[in-house]
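Residues 109 to 245, numbered by my numbering, are exactly what the sequence shown covers, in order. Read the structure below first, then the notes.
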Amino acid sequence: MLERPFNDQSYEQFLQEELIMGAKCKKCGTLALPPRPLCVSCFSREQEWVQFKGTGKLTAFTSIVVAPPTMAKEGFNRNNPYIVGVVTLDEGPKMVVRIVGVDAKKPDGIAVGSPLKAEFVHSGEASDRKTYVAFKP
Ligand SMILES: [Zn+2]
Numbered sequence: 109m110l111e112r113p114f115n116d117q118s119y120e121q122f123l124q125e126e127l128i129m130g131a132k133c134k135k136c137g138t139l140a141l142p143p144r145p146l147c148v149s150c151f152s153r154e155q156e157w158v159q160f161k162g163t164g165k166l167t168a169f170t171s172i173v174v175a176p177p178t179m180a181k182e183g184f185n186r187n188n189p190y191i192v193g194v195v196t197l198d199e200g201p202k203m204v205v206r207i208v209g210v211d212a213k214k215p216d217g218i219a220v221g222s223p224l225k226a227e228f229v230h231s232g233e234a235s236d237r238k239t240y241v242a243f244k245p
């Protein structure tokens, strides 16, 4: 697995294996999630894979009432909204992810700063089954 290139495809591949993997710069320690072949701080190409624990805090969120086609297919719409949030991982990087296990119809009950943890969610059937990461309280 350590041979994989530092890009979105590898990131996706790891998610299918239920791992949140990012890149760490060997020179300055900057973390990148999703991984990037070049360090955003010092432009070094010396990167290594690091696994993120999948714990963090909710930094911002929004309730999505107009669902994109893929989410509409799962039954989300104006009457059945879902929450997308920015989670700041304990390791530092931020992720924009779906927040599950909360009442999307009562966003007032969701507090910025709440601790969250990753949950791997599966969608689709057999051949096009896809795993993605969501966060829950
Ligand atoms: Zn660096």
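Every residue gets a Cβ at the ideal spot worked out from N, C-alpha and C, and that includes glycine. Everything numeric in this text was worked out from a predicted model, so none of it was measured.
Relative to the non-hydrogen atoms of ligand 1, the Cβ of threonine 138 comes within a distance shorter than 7 Å of at least one. As for any beta strand (DSSP E) of minimum length 3 sitting wholly inside the stretch 128–184, the runs are 129–133, 155–159, 163–172, ordered along the chain. By the neighbour-count criterion, in which a residue is buried when 16 or more other Cβ atoms sit within 10 angstroms of its Cβ, proline 142 is buried. If you look at glutamate 227, you'll find it in the beta strand (DSSP E) that goes 223–231. Distances from the CB of lysine 135 to the heavy atoms of ligand 1 include at least one below 7 Å. A Cβ-Cβ contact shorter than 8 Å links leucine 139 with proline 201. With a beta-carbon spacing of about 19 Å, leucine 166 and glycine 130 fall beyond the 8 Å limit used to define contacts. Secondary structure note for phenylalanine 243: its beta strand (DSSP E) is the uninterrupted segment 238–244.
Put simply, the backbone Cα of valine 241 is about 13 Å away from that of leucine 197.
Going by beta carbons, glutamate 154 and lysine 134 fall inside the 8 Å limit.
Under the three-state reduction of DSSP output, glycine 217 falls in the helix class.
Excluding the 5 residues flanking it on each side, phenylalanine 169 has same chain C-beta neighbours closer than 8 Å at Ile191, Val192, Gly193, Val194, Ile207, Pro215, Ile218, Val220, in chain order.
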